[in-house]
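Numbering of the sequence shown is given in the numbering used here, commencing with residue 55 and proceeding in unit increments. Notes to accompany the following structure.
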Amino acid sequence: MKLFVKNTISGLVPCDDNDYEEKKKLKLGEVYQVTISRPRNYEFHKKYFALINCAWECLSEKQTEFFKDINNFRKTMELNAGHCETIYSIDRKEFIEQVLSISFDKMDNDDFESLYNRVFDVILKYPLKNISQEDFINNLSNF
55 MKLFVKNTIS GLVPCDDNDY EEKKKLKLGE VYQVTISRPR NYEFHKKYFA
105 LINCAWECLS EKQTEFFKDI NNFRKTMELN AGHCETIYSI DRKEFIEQVL
155 SISFDKMDND DFESLYNRVF DVILKYPLKN ISQEDFINNL SNF
């Protein structure tokens with residue numbers, strides 16, 4: 055179990071509802087071992103997923119048919135933003151691109167911010183090419 059917590063005068067407090075729900079699973083009085091690490095900018099991480107969610111909501115019904123779900127959409131945007139590696143598929147006998155992880159331990163703040171900007175550009179260039187950047191930013195502020 056991984057939780058995001060904030061250190062307060064009262065102790066470690068879950069950052070959001072999901073983290074709170076996970077913490078509730080811990081039994082009172084039990085001893086747990088924890089590893090403390092400082093994640094990359096958590097608020098920027100939430101901003102990235104707001105970007106993905108906003109773009110997903112702006113897609114037409116026909117556009118969403120190209121994607122299995124929102125996670126598939128996110129990975130497609132990351133692939134087109136160049137966040138991938140090329141591997142060889144023995145079965146297909148061809149090189150294919152595979153999306154890289156965006157997990158906290160795989161990317162620092164600078165790399166993640168760069169990915170955000172590249173994905174933002176891809177979203178406006180392809181699936182939302184008929185929406186102005188200003189309109190999209192206005193929609194994004196609602197997320």
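Note that the Cβ used here is the ideal one computed from N, Cα and C, for glycine as well.
Among the residues of its own chain, which have a CB less than 8 Å from the CB of residue i, if the five just before and after it don't count?
i    : result
E93  : Sequence check: residue 93 is Pro here, not Glu. Only F58, H99, F158 meet the Cβ criterion.
E139 : E151, Q152, L154
Y86  : L80
Round the Cβ separation of residue i and residue j to the nearest angstrom and send it over; I've been treating them as touching at under 8 Å.
i    : j    : result
N107 : F197 : 6 Å
V153 : L105 : In fact, because the Cβ distance is near 16 Å, the residues do not count as touching under 8 Å.
H194 : Q187 : Note on residue identity: the sequence assigns Leu, not His, to residue 194. 10 Å between Cβ atoms; not a contact.
L80  : A135 : At roughly 38 Å, the Cβ-Cβ gap does not stay under 8 Å, so L80 and A135 are not in contact.
E76  : M55  : 6 Å
L182 : C112 : 6 Å
Starting from residue i, follow its DSSP beta bridges and name the residues at the other end.
i    : result
K183 : Looking at the DSSP assignment, K183 forms no beta bridge with any residue, so it has no partner.
L218 : Missing from the structure shown is residue 218; the chain here goes from 55 to 197 and no further.
Locate the beta strand (DSSP E) running through residue i, then write down its first and last residues.
i    : result
E148 : 148-153
N61  : 59-62
V67  : 65-68
Kindly list the residues whose CB is nearer than 7 Å to the CB of residue i, restricted to its own chain and excluding five residues on each side of it in sequence; keep chain order.
i    : result
L133 : E151, V153
D162 : R94
F121 : F127, T130
Excluding the 5 residues flanking residue i on each side, which residues of the same chain have their C-beta closer than 6 Å to its C-beta?
i    : result
S114 : none
Y102 : Y170
Can you determine whether any heavy atom of the ligand NAP sits closer than 7 Å to the C-beta of residue i, and answer yes or no?
i    : result
L133 : Among the ligands in the structure shown, none appear at all, so the ligand NAP cannot be discussed.
Q) Counting only runs that start and end within the stretch 90-146, where is the beta strand (DSSP E) found for 3 or more residues in a row? A) Complete beta strand (DSSP E) runs here, min 3: 138-143.
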